[in-house]
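Numbering (this note's numbering), first residue to last: 11 to 221. Idealized CB from N, CA, C, for every residue including glycine. Okay, so here's the structure we're looking at.
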């Protein structure tokens, strides 16, 4: 599993952490195809990440949301949402500014592979975001907010493109055209931010440029 940094050493608490926004499965897929001497190792990395994703879905089957940081339980060998602040903030355990990228990360992998193991969590996330979108007031007041607890309750009253663009990618991927049209209208009226616009551009490129 990806470490949170090369500074995380065995024996440290940080060594047990992983950041789901680093689950860039499409990148590991390139290594799998191109790094033939270590192909089996990359296959194991991909399998470990996919298994972790499936496990997170079982923990939050109503929303499919994944925490910013996960921690390995050494007894069970499974990953669970971090408890409290482990690296960045009190929201390390929530769907925050790291994991807002996760629907797009997983979605791009599914687009390339059609790996049916990850489709259920994508559909769950899409249902959740569709429900949030329907609550919006329009005119740039998107119902998808910039931070959620894993049970789907939001803890901020504002939105950001960093959270909206990955949901848009998901609607496009799954062919949810009604929601796609609505969210694209909302995005055109949203305030531009560097982080959010960068994610939106990468989502657009991934949707239009084959790997």
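Neighbourhood of residue i by C-beta, 8 Å cutoff - its chain only, sequence neighbours within 5 removed
i: residue 166; result: 155, 156 and 157
i: residue 212; result: 114
i: residue 132; result: 74, 113, 116, 117, 120, 180, 183 and 184
Three-state class that DSSP yields for residue i in the structure shown
i: residue 75; result: coil
i: residue 81; result: strand
i: residue 102; result: helix
i: residue 151; result: strand
i: residue 180; result: helix
i: residue 13; result: coil
i: residue 165; result: coil
i: residue 160; result: coil
i: residue 97; result: coil
Residue range of the unbroken beta strand (DSSP E) whose run includes residue i
i: residue 88; result: 88-91
The alpha helix (DSSP H) enclosing residue i, as first and last residue numbers
i: residue 57; result: 49-69
i: residue 116; result: 112-123
i: residue 208; result: 204-218
i: residue 37; result: 35-44
i: residue 141; result: 129-143
i: residue 187; result: 187-198
Own chain partners of residue i with C-beta closer than 7 Å, once the 5 adjacent residues on each side are dropped
i: residue 111; result: 31, 176 and 209
Status (buried if at least 16 other CB within 10 Å, exposed otherwise) for residue i
i: residue 77; result: buried
i: residue 38; result: buried
i: residue 219; result: exposed
i: residue 138; result: buried
Backbone CA spacing between residue i and residue j [nearest angstrom]
i: residue 202; j: residue 214; result: 16 Å
i: residue 193; j: residue 140; result: 9 Å
i: residue 33; j: residue 13; result: 10 Å
i: residue 118; j: residue 69; result: 22 Å
i: residue 59; j: residue 198; result: 34 Å
i: residue 18; j: residue 189; result: 41 Å
i: residue 57; j: residue 63; result: 10 Å
i: residue 49; j: residue 41; result: 7 Å
Cutoff 6 Å; reference residue i; Cβ partners in own chain excluding five residues on either side
i: residue 184; result: 136
i: residue 105; result: 75 and 158
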